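**Student:**
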Amino acid sequence: MFRASIIKNWITTGRLNIPFPSKSIDDLNDYNFPFYFVGDEAFSLTPYLLRPYPQRTLDNVKRIFNYRLSRGRKTVECAFGMMTEKFQVLSSAIRIRNTERVTDIIKSVCILHNFIRKKEGIKYTPYEQVENIQDSIDSTTVLPIQDLVLRDRASAHEVRNYLANYFLTP
1 MFRASIIKNW ITTGRLNIPF PSKSIDDLND YNFPFYFVGD EAFSLTPYLL
51 RPYPQRTLDN VKRIFNYRLS RGRKTVECAF GMMTEKFQVL SSAIRIRNTE
101 RVTDIIKSVC ILHNFIRKKE GIKYTPYEQV ENIQDSIDST TVLPIQDLVL
151 RDRASAHEVR NYLANYFLTP
């Protein structure tokens, strides 16, 4: 389904206007890290779409990467599910030719979603309260971020491996 989608075409042809790679504030390597989408095992690994490592042989680094990637994906899925329940426009394809109009609709839905949640008194869980899987990591598996190097045109595997090790840094 994704392979034949318009969004994949826009991503691969550069029409989606994804920001250029940029430096992370706390990355000591000063590497320009690409923006990416988060997918599950159904997607192919690409530099712009990260998916979990295969479940066959997972060391701590890969297991933690999969956990964090999954947590991010589930957060997005949950938010989208809540928005779809309240805003029927998201329950099927938005059939408008003017892409700026579609962008306006999606932004409006996001703003209204956040407004409604705030009015209903539903708060997001602060980061400090979220369970921290890193506490259970053997410190010998943590690589210093300075030792991680990525080329400017890194492959999808290099991006995923870099990010997996980056997740382990303090």
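Under UniProt numbering, think of the first position of the sequence shown as 1, with each following residue one higher. Each residue gets a CB set at the ideal place from its N, CA and C atoms; glycine is no exception. Fair warning: this is a prediction, and the values are worked out from it, not measured in the lab.
1. What does a CB cutoff of less than 6 Å around PHE87 pick up in its chain, not counting 5 residues either side in sequence?
2. Under 9 Å between the Cβ atoms of ALA156 and LEU16?
3. Along the chain, where does the alpha helix (DSSP H) containing SER108 start, and where does it finish?
4. Under a Cβ-count criterion, where at least 16 other Cβ atoms within 10 Å of its own Cβ denotes burial, should residue 176 be classed as buried or exposed?
5. Could you compute how far the alpha carbon of MET82 sits from the alpha carbon of ILE105?
6. Could you name the residues of the same chain whose beta carbon sits closer than 6 Å to that of VAL142, not counting the 5 residues immediately before and after it, in chain order?
7. Closest to TYR162 by C-alpha separation, out of ASN32, GLN55, LYS8 and ILE18, would be which residue?
8. Using a Cβ-Cβ cutoff of less than 7 Å, which residues in the same chain neighbour ALA34 once the five nearest sequence positions on both sides are dropped?
9. Excluding sequence positions up to five away, which residues of its chain have a Cβ less than 6 Å from the Cβ of ARG68?
10. Span of the alpha helix (DSSP H) holding ARG68?
11. So what's THR140 in DSSP terms, helix, strand or just coil?
12. Quick check: VAL38 and GLY72, are their CB atoms within less than 9 Å of each other?
13. Does the distance between the C-beta of PHE2 and the nearest non-hydrogen atom of the ligand GDP fall short of 8 Å?
14. Just to confirm, are ILE96 and VAL102 a CB contact at a threshold of 9 Å?
15. Starting from the C-beta of TRP10, find all residues in its chain whose C-beta is less than 7 Å away, skip the five residues before and the five after it, and write them out in chain order.
16. Under three-state DSSP, which class holds ASN32?
17. Buried or exposed for ARG3, going by 16 or more other Cβ atoms inside 10 Å?
**Tutor:** Concretely, from the data shown:
1. Non-local C-beta neighbours of PHE87 in its own chain, meaning closer than 6 Å and more than five positions away in sequence, comprise VAL109, ordered along the chain.
2. No, they are not a contact pair.
3. Here the alpha helix (DSSP H) through SER108 covers 99-119.
4. Outside the shown range of the chain (1 to 170) lies residue 176, about which nothing can therefore be said.
5. If I take the Cα positions, the gap works out to 16 Å.
6. With a pLDDT of 43 at VAL142, under the threshold of 50, the modelled position of this residue cannot be trusted; read the value that follows with caution. Counting only residues of its own chain and dropping the five nearest sequence neighbours on each side, VAL142 has a CB closer than 6 Å to the CB of LEU168.
7. For TYR162, the nearest C-alpha among the options comes from ASN32.
8. Correcting the residue identity first, residue 34 is Pro in this sequence and not Ala. Correct list, in chain order: PRO21, PRO47, TYR48 and VAL159.
9. If we look at ARG68 and ignore the five residues flanking it on each side, its Cβ neighbours are PHE167.
10. For ARG68, the enclosing alpha helix (DSSP H) has its first and last residue at 60-86.
11. Confidence is the limiting factor: at THR140 the pLDDT is only 42, short of 50, which leaves the residue's position unreliable, though a coordinate-based value still follows. In this structure, THR140 counts as helix in the three-state DSSP scheme.
12. Yes, these two residues count as a Cβ contact at 9 Å.
13. Only the bare structure without any ligand can be found here, which leaves the ligand GDP out of the picture.
14. Yes, they are a contact pair.
15. So the list reads LEU16, once near-sequence residues are dropped.
16. Judged by DSSP in its simplified three-state form, ASN32 adopts strand.
17. By the neighbour-count rule (16 or more Cβ atoms within 10 Å), ARG3 is not buried but exposed.
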